[in-house]
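Visitor: Below is the structure I would like to discuss, written out as structure tokens.
In UniProt numbering, the protein residues as written are 1 to 342.
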């Protein structure tokens, strides 16, 4: 089997580390059996040569192996709504708001998230501001999914092995393969997904990684104004995995009767500001926040096979908001998670 030194040499020569070799290497890294210096060198080498689809898929497979899994209920409308982060748009938590809207329209949503790194407010930050107890065990998350139709998996609770690379990543301070692994490693194994990415090149890569990992229906999106969401301010590049096949295309707000508007009004500076904008959207206050949530929740409903198309999904998302179902899901989720506080 490949040694860490051989793997490093391979990256220096811009040669691929093959699947079984990458599995072995990642297991050593995740178990802390390679020195921090060597781990950092390999991670950097991968970044410089550019990680291949096969390398990313193998790394994600190992992260899944080491995760604390959630025994999720079987449901054909089971979906994750997640972004890589790192898009520097500093908007409110659109995917988190979309989670409640999609659940209000009948999807089961298992969201995998963390605190903000590049953003002013990560999904965990805004959920805490809303009163959600995010410190749940895998068993409690599974109960939330069954009873409420929503589960939030706070990444540090589900990926304890990541502690072996946390200090390395922090000291390096640059993007590495680990920045794109999070959305690929949902501990509940959601087969369907709406995934936002921070760079257009990642659209085709991430959707093909999910294909290799056995996902069912996935839409990977990049807003051409730099958002890791479906954007109102520009066209959005989409990579879709459906029925085992990948297609790539672009969508525009006008395709769905929406006006193209700047996302500047969606910027926030804190979790409290993100909370306020999220509540405006769920409470059906007219404005850009409501429109972009309807757009993203509608896309998620299509990914979840709850809607026949993105357009149908947007109509369902609007109904979820106007009927109060989305806000009711938020309130139900807050109450349910607070039951587990000791």
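Virtual Cβ for every residue (Gly too), placed ideally from N, Cα, C.
Indicate whether at least one CB of chain B lies closer than 8 Å to the CB of residue 268.
Guide: The structure shown has no chain B; it contains just one protein chain.
Visitor: State the DSSP-derived secondary structure class of residue 268, mapped to helix, strand or coil.
Guide: Residue 268 falls in the coil class under three-state DSSP.
Visitor: Since residue 138 and residue 187 are thought to touch, with beta carbons under 8 Å apart, how far apart are those beta carbons, to the nearest angstrom?
Guide: With a Cβ gap of about 7 Å, residue 138 and residue 187 count as contacting.
Visitor: Note down the Cα distance separating residue 252 from residue 97, rounded to an integer number of angstroms.
Guide: Their backbone Cα atoms lie some 21 Å apart in a straight line.
Visitor: Let me check understanding here. Comparing Cα to Cα, which of 244, 78 and 315 lies closest to residue 214?
Guide: Answer by Cα proximity: 244.
Visitor: Write down the C-beta distance between residue 233 and residue 260 rounded to the nearest angstrom, noting that I regard them as a contact closer than 8 Å.
Guide: About 7 Å separates the two Cβ atoms, so the contact holds.
Visitor: Name the two residues that bound the continuous alpha helix (DSSP H) containing residue 259.
Guide: Segment: none, residue 259 is in no alpha helix (DSSP H) and carries neither H nor E.
Visitor: Please report the Cβ distance between residue 107 and residue 317, rounded to the nearest whole angstrom; I am assuming they are in contact, meaning their Cβ atoms lie under 8 Å.
Guide: With a Cβ gap of about 10 Å, residue 107 and residue 317 do not count as contacting.
Visitor: Along the chain, where does the beta strand (DSSP E) containing residue 153 start, and where does it finish?
Guide: Run containing residue 153: 150-154, per the beta strand (DSSP E) assignment.
Visitor: Start and end of the beta strand (DSSP E) containing residue 195?
Guide: Segment 192-196, the beta strand (DSSP E) holding residue 195.
Visitor: Would residue 310 and residue 299 qualify as a contact pair, given that the criterion is a beta-carbon distance under 8 Å?
Guide: Yes, they are a contact pair.
Visitor: Under 8 Å, do residue 350 and residue 286 count as touching if we go by C-beta distance?
Guide: Residue numbering for the chain in the displayed model covers 1 to 342; residue 350 lies beyond these limits and cannot be assessed.
Visitor: Pick from 81, 219, 66 and 70: whose alpha carbon is nearest that of residue 141?
Guide: With distances taken between Cα atoms, residue 141 lies closest to 70.
Visitor: Could you tell me whether the segment 20-38 touches the segment 52-65, where touching means 3 or more Cβ pairs closer than 8 Å?
Guide: Judged by Cβ distances under 8 Å, the segment 20-38 makes contact with the segment 52-65, as three or more pairs qualify.
Visitor: Judging by CA-CA distance, which residue of 242, 54 and 45 is the nearest neighbour of residue 13?
Guide: Comparing Cα positions, the closest option is 45.
Visitor: Please tell me whether residue 80 and residue 206 are closer than 8 Å, where the distance is taken between their beta carbons.
Guide: Taking 8 Å as the Cβ cut-off, residue 80 and residue 206 do not qualify as a contacting pair.
Visitor: Under 8 Å: do the segment 17-25 and the segment 151-163 share three or more Cβ pairs, one atom per stretch?
Guide: Result no; under three Cβ-Cβ pairs closer than 8 Å.
Visitor: Taking the DSSP output, what are the residues bridged to residue 110?
Guide: Answer is 151, bridged to residue 110.
Visitor: In the DSSP output, what is residue 241 paired with across the bridge?
Guide: Residue 241 pairs with 218 and 246.
Visitor: The ligand GTP and residue 227: does any heavy atom of the ligand fall closer than 7 Å to the residue's C-beta?
Guide: For the structure depicted, the ligand GTP is absent and the ligand set is empty, with no information on it obtainable.
Visitor: Between which residues of its own chain and residue 93 is the CB-CB distance below 7 Å, once the five residues before and five after are set aside?
Guide: For residue 93, where only same-chain residues beyond five positions count, the Cβ hits under 7 Å are 121, 123, 126, 274 and 278.
Visitor: Count the other C-beta atoms from every protein chain shown that fall within 10 angstroms of the C-beta of residue 183, then say buried if there are 16 or more, exposed otherwise.
Guide: Buried, because 16 or more other Cβ atoms sit within 10 Å of the Cβ of residue 183.
Visitor: By DSSP, does residue 80 sit in helix, in strand, or in coil?
Guide: Strand, per DSSP.
Visitor: Between the alpha carbons of residue 255 and residue 242, how many angstroms are there, rounded?
Guide: Distance between the alpha carbons of residue 255 and residue 242: 21 Å.
Visitor: Are the Cβ atoms of residue 225 and residue 197 separated by less than 8 Å?
Guide: Result no, Cβ atoms of residue 225 and residue 197 do not sit closer than 8 Å.
Visitor: Based on the DSSP secondary-structure assignment, which residues constitute the bridge partners of residue 313?
Guide: Residue 313 pairs with nothing; no bridge assigned.
Visitor: Sorted by chain position, which residues of the same chain lie with C-beta nearer than 7 Å to residue 301's C-beta, five sequence neighbours on each side aside?
Guide: Only 102, 105, 107, 307, 313, 316 and 317 meet the Cβ criterion.
Visitor: According to DSSP, simplified to helix, strand and coil, what is residue 131?
Guide: Note: residue 131 maps to coil in three-state DSSP.
Visitor: Along the chain, where does the alpha helix (DSSP H) that runs through residue 95 open and close?
Guide: Counting along the chain, the alpha helix (DSSP H) containing residue 95 begins and ends at 94-104.
Visitor: Determine whether the beta carbon atoms of residue 167 and residue 36 lie at a separation below 8 Å.
Guide: Going by C-beta atoms, residue 167 is nearer than 8 Å to residue 36.
Visitor: Give the secondary structure of residue 226 by DSSP, where H, G and I count as helix, E and B as strand, and everything else as coil.
Guide: Note: residue 226 maps to coil in three-state DSSP.
Visitor: Measure the CB-CB distance between residue 190 and residue 110 and report whether it falls below 8 Å.
Guide: It is a contact, given that the beta carbons lie within the stated cut-off.
Visitor: Do the CB positions of residue 221 and residue 237 come within less than 8 Å of each other?
Guide: Contact: yes.
Visitor: Assuming residue 185 contacts residue 67 (C-beta within less than 8 Å), just tell me the rounded distance between them.
Guide: Contact holds; Cβ gap of about 6 Å.
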